[in-house]
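Counting in my numbering, the sequence shown runs from 153 upward without gaps. Where a beta carbon is used, it is the ideal one built from N, C-alpha and C, also for glycine.
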Amino acid sequence: MKKNITILAIESSCDDTAAAVWQNDRLLSNVIANQKVHARYGGVVPELASRKHMQNILPVVMAALEDANVEKSELNAIAFTRGPGLLGSLLVGVSFAKTLAFSLGIPLIEVHHMHAHVLANFIEEPAPKFPFLCLTVSGGHTQIVKVNNHLNFELLGQTIDDAAGEAFDKTGKMLGLEYPAGPIIDRLAAEGEPVFSFTKPQVPGLDFSFSGLKTAILYFLRDRLKEEPDFVKQHLEDICASVQKTIIDILLEKLRTASEQTGIKEIALAGGVSANSGLRKAILEMANDESWTVSVPKLAYCTDNAAMIAMAAYFKFLEGDFSTLDTSPDVRMAF
Ligand code: KG4
Ligand code: ZN
153 MKKNITILAI ESSCDDTAAA VWQNDRLLSN VIANQKVHAR YGGVVPELAS
203 RKHMQNILPV VMAALEDANV EKSELNAIAF TRGPGLLGSL LVGVSFAKTL
253 AFSLGIPLIE VHHMHAHVLA NFIEEPAPKF PFLCLTVSGG HTQIVKVNNH
303 LNFELLGQTI DDAAGEAFDK TGKMLGLEYP AGPIIDRLAA EGEPVFSFTK
353 PQVPGLDFSF SGLKTAILYF LRDRLKEEPD FVKQHLEDIC ASVQKTIIDI
403 LLEKLRTASE QTGIKEIALA GGVSANSGLR KAILEMANDE SWTVSVPKLA
453 YCTDNAAMIA MAAYFKFLEG DFSTLDTSPD VRMAF
């Protein structure tokens, strides 16, 4: 009988504590504890995040094992997010993974958070075919990646300042919405029309920029509020629809250029912002025009989760790519 490969994965790079169990070719469990404490601060407060991770990690890991109906003694490896992320947050997951791997006498597998976002596209069938281009859009990163195989990633373009998720979150802060504002703007945008337009950045190549958009929105709101003090309240849905459309247009224009330059028509989306319903709809329309095959992960695998860490770890396990116990978090882990 073939031996099982069973991996417990832990994700703690930002504000969500997550654990998942992967066995052979399928996900057995996927548990996440979201942190609500940051909502009123307009962004993640690192010190609060690491304290919450410490409270959450044991119950989350126990729940993942229980949901999977797997005993610790059945595990073959412990995977963890090594970076990039917040130091205090990463430290909780890394220390926990190291301790558990050491006590069970099994290998450790370190995972790059952004590689894992891309590999979320492999958790469920159909998976994209190599080579493919992945637009990874999250709270901290905006990247166009050429994926040659499960372990080989080429960065073709990235943001030179703010990430797409930050553009959503910072707009939300200006509009008085809670953090993370992306999902709220998504919902409001569906009830509005993109009647306001914002200048798009001119960035050479396949890189992105979103900080100019943030300033444009700030000045736009300042000017309109002078004329109409109730402007935000009266036009909230239309403002959200307009900002969302601008962000989507910027992202998809670059993706189209990347596809033209590489000749690759196999396309994937990843990262928290890929949960955006407007982006998911727009990429399918573009796929129609450009004859692309598009892969978009299930919503639960777009935002931070441990299933994607487990998926990435499984491919590394097959290659025997393990880490040693002296590993430590890498806040700006090289891509
Ligand atoms: O990948 P992720 O969960 O965490 C990071 O690695 O950063 O991404 C979080 C980002 C936040 O900026 C959040 O506002 C955004 O993803 N986000 C969305 C949506 N859901 C999450 N943005 C737009 N529309 C959504 N539905
Ligand atoms: Zn992420």
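As the crow flies, the alpha-carbon of D401 is around 11 Å from that of M438.
With a cut-off of 8 Å, the C-beta of H269 is classified as near the ligand ZN, since at least one heavy atom of the ligand falls inside that distance.
Residues whose Cβ lies closer than 5 Å to any heavy atom of the ligand KG4, listed in chain order: S290, G291, G292, G317, F320, D321, P332, G334, P335, D338, G423, G424, V425, A427, N428, T455, D456. When distances are taken from the beta-carbon of S361 to the heavy atoms of the ligand ZN, even the shortest one reaches 8 Å or more. Using a Cβ-Cβ distance cut-off of 8 Å, the segment 229-238 and the segment 466-484 are in contact, since at least three pairs of beta carbons, one from each stretch, lie closer than that value. Listed in chain order, the non-local C-beta contacts of W444 below 6 Å within the same chain comprise K417, I419, local neighbours out to five positions each way being set aside. Only buried fits A268, as 16 or more other CB atoms lie within 10 angstroms of its CB. Per the coordinates, the alpha-carbon of G324 lies some 7 Å from the alpha-carbon of Y331. Taking I312 as the centre and dropping the five residues before and after it, the same chain places the C-beta of D359, S361 closer than 6 Å to its C-beta, in chain order.
Between I162 and A249, the beta carbon gap of about 5 Å places them in contact (Cβ cut-off 8 Å). Judged by the Cβ position, S255 fails to qualify as a neighbour of the ligand ZN at the 8 Å threshold, every heavy atom of the ligand being at least this far. For S447, the secondary structure class from DSSP, reduced to helix, strand or coil, is strand.
Annotation for C286 indicates a beta carbon at 8 Å or more from all heavy atoms of the ligand ZN. For S241, same chain residues with a beta-carbon under 8 Å away, outside a window of 5 residues either side, are S164, S165, C166, D167, P198, A201, S202, H205 in chain order.
Taking the Cα positions, E345 is about 16 Å away from I369.
Take the alpha-carbon of L388 and the one of S363: they are about 21 Å apart. With contacts defined by Cβ atoms closer than 9 Å, L160 and V222 form a contacting pair. DSSP links L160 through a beta bridge to V173, I230. According to DSSP, V297 shares a beta bridge with C286, L307. The residue from N156, D177, K155 with its alpha-carbon nearest to that of A464 is D177. Annotation for R203: no beta strand (DSSP E) segment contains it, though the alpha helix (DSSP H) segment containing it runs 198-220.
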